[in-house]
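*Asks:*
Protein chains in written order, with the numbering used here: chain L, 73 to 311; chain W, 613 to 677.
#1: Could you list which residues in chain L have their beta carbon closer than 8 Å to that of residue 665/W, in chain order?
#2: Can you tell me which of the three DSSP states residue 261/L falls into?
#3: For residue 265/L, which residues in chain W fall below 9 Å Cβ to Cβ?
#4: Assign residue 667/W to one of three DSSP states: helix, strand, or coil.
#5: Residue 304/L by DSSP, collapsed to three states: which one?
#6: Considering only residues of the segment 90 to 170 of chain L, which uninterrupted alpha helix (DSSP H) runs meet the minimum length of 4 residues and lie entirely inside it, listed in chain order?
#7: Only counting the same chain, and skipping five residues up and downstream in sequence, which positions put a Cβ closer than 7 Å to that of residue 231/L?
#8: Counting C-beta neighbours from all protein chains within 10 Å, is the total for residue 614/W 16 or more, i.e. buried, or is it exposed?
#9: Cα separation between residue 246/L and residue 257/L?
#10: Residues bridged to residue 639/W by DSSP?
#11: So, does the segment 209 to 222 of chain L touch the segment 259 to 270 of chain L, judging by three or more C-beta pairs under 8 Å?
#12: Buried or exposed for residue 654/W, going by 16 or more other Cβ atoms inside 10 Å?
#13: Have a look at 185/L, 229/L, 150/L, 139/L and flag the residue whose alpha-carbon is nearest the alpha-carbon of residue 659/W.
#14: With distances taken from CA atoms, which of 147/L, 183/L, 236/L is nearest residue 656/W?
#15: Interface residues of chain W around residue 182/L at Cβ under 9 Å?
#16: Could you check the C-alpha separation between residue 668/W and residue 120/L for me, to the nearest Å?
#17: Compute the beta-carbon to beta-carbon distance between residue 205/L and residue 197/L, rounded to the nearest angstrom, for a pair I have assumed lies under 8 Å.
#18: By the 10 Å Cβ neighbour count, where 16 or more other Cβ atoms means buried, how is residue 633/W classified, buried or exposed?
#19: Check the Cβ of residue 617/W against every Cβ in chain L and list those closer than 8 Å, keeping chain order.
#20: Can you tell me whether DSSP reads residue 632/W as helix, strand or coil?
#21: Tell me whether residue 180/L is buried or exposed, calling it buried when 16 or more other Cβ atoms sit within 10 Å of its Cβ.
#22: Going by DSSP in three states, residue 197/L sits in which element: helix, strand or coil?
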């Protein structure tokens, strides 16, 4: 990165913006990353106004339903963390937010499974989309862990029962010393710090890859019109 | 308690009564609660409904596409 001359008049942000694409700066790592990112995902591709015509089906809405549910899960999780278990077990507002958190998770897992089925039968890994598919599968598996540690973090008899039942299963895999389901402190840290970070990062990566490659074309689109690929036919509808 | 809450409470309370040990199906080595089975059936129903129910789209304004 070039350091500005400290004796020179101080540049404001507008001047820096104008200087952002100077040819002499092109070999700097900041310029290389920025150029690569914008080339791969220009703003109109990152947040498009239109989708291909074949996306006009209810089966395509479950990915965004999953993301909407995840936003509610994270939001209600913040509120639960703010006030603590005495609040979420006793007060009516706390019980309501606790229920919102639970049911948002139910919607999240439900819609993610329907999304997974839809993409499986579309063979959505076609067209260099293997990484997108794998990131979705890993997101699903990590989400199962996030939900499981959530059940262990309820601070009630239910969570005690689940932890004492699960410990035998976990111990049988030989990982009980590392992942101790009866260690409440460890489980709540996994639930509110580690796993949410991983889920959000994976879902973010998954969405970026979907935007990068686009939505997979259906099988029939190629067969019905020989020689015309739906991905390049320009058939679009408004999103 | 308002009458409508009493009616709904009685109706859903009789359908989803949690004040007893859960009911489970036993299918070979598979053991599953009826609640989980209901969710799986609902997912299958929603999956096929999503494929079969038409999706309303916006009409193009003045375009030939």
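All C-beta atoms in this analysis are idealised placements derived from N, C-alpha and C, irrespective of residue type, glycine included.
*Replies:* With the structure as the only source:
#1: If you number the second chain from 1, residue 665/W lands on position 53. Simply 130.
#2: In the first chain, the residue the question calls residue 261/L occupies position 189. Correct three-state label for residue 261/L: helix.
#3: Walking along the first chain from the start, residue 265/L turns up at place 193. Those do not exist, as residue 265/L stays about 28 Å from chain W at its closest Cβ, beyond 9 Å.
#4: Stepping through the second chain from its first residue, residue 667/W is reached at position 55. When secondary structure is reduced to three states using DSSP, residue 667/W falls in the coil class, being assigned neither helix nor strand.
#5: Reading the first chain from its first residue, position 232 is the one you call residue 304/L. Below a pLDDT of 50, predicted positions are generally treated as unreliable, and residue 304/L, at 46, falls in that range; no measurement from the model is reported.
#6: 101 to 112, 115 to 118, 134 to 155, 157 to 162
#7: Translated into positions along the first chain, residue 231/L becomes position 159. For residue 231/L, where only same-chain residues beyond five positions count, the Cβ hits under 7 Å are 223, 224, 225.
#8: In the second chain, the residue the question calls residue 614/W occupies position 2. Exposed: under 16 other Cβ atoms inside 10 Å.
#9: Reading the first chain from its first residue, position 174 is the one you call residue 246/L. Reading the first chain from its first residue, position 185 is the one you call residue 257/L. Answer to the nearest angstrom: the Cα atoms are 20 Å apart.
#10: Residue numbering aside, residue 639/W sits at position 27 when the second chain is read from its first letter. Paired residues: 642/W.
#11: Yes, since at least three Cβ pairs between the segment 209 to 222 of chain L and the segment 259 to 270 of chain L fall closer than 8 Å, the two stretches touch.
#12: Residue numbering aside, residue 654/W sits at position 42 when the second chain is read from its first letter. Its Cβ having fewer than 16 others within 10 Å, residue 654/W is exposed.
#13: As a first step, residue 659/W is located in the second chain; it is residue number 47 there, counting from the start. Closest option to residue 659/W, Cα to Cα, is 185/L.
#14: In the second chain, the residue the question calls residue 656/W occupies position 44. Selected option, being the one with the closest Cα: 183/L.
#15: Looking up residue 182/L in the first chain gives position 110. Under the 9 Å cutoff, chain W gives 651, 654, 655, 658.
#16: Residue 668/W sits at position 56 when you count from the first residue of the second chain. Residue 120/L sits at position 48 when you count from the first residue of the first chain. Using only the alpha carbons, I get a separation of about 19 Å.
#17: Residue mapping note: residue 205/L aligns to position 133 of the first chain, counting from 1. Residue mapping note: residue 197/L aligns to position 125 of the first chain, counting from 1. Right, the Cβ-Cβ distance comes to about 4 Å (below 8 Å), so this counts as a contact.
#18: Position 21 of the second chain holds residue 633/W. Burial call: exposed.
#19: Translated into the one-based positions of the second chain, residue 617/W becomes position 5. Those within 8 Å of residue 617/W in chain L number zero; the least Cβ separation is about 15 Å.
#20: Along the second chain, one-based indexing puts residue 632/W at 20. Looking at residue 632/W - three-state DSSP - the assignment turns out to be coil, as it is neither helix nor strand.
#21: Working through the first chain from its first residue, we reach residue 180/L at position 108. Residue 180/L comes out buried.
#22: Here residue 197/L corresponds to residue number 125 of the first chain, with the count starting at 1. Three-state DSSP puts residue 197/L in coil, outside helix and strand.
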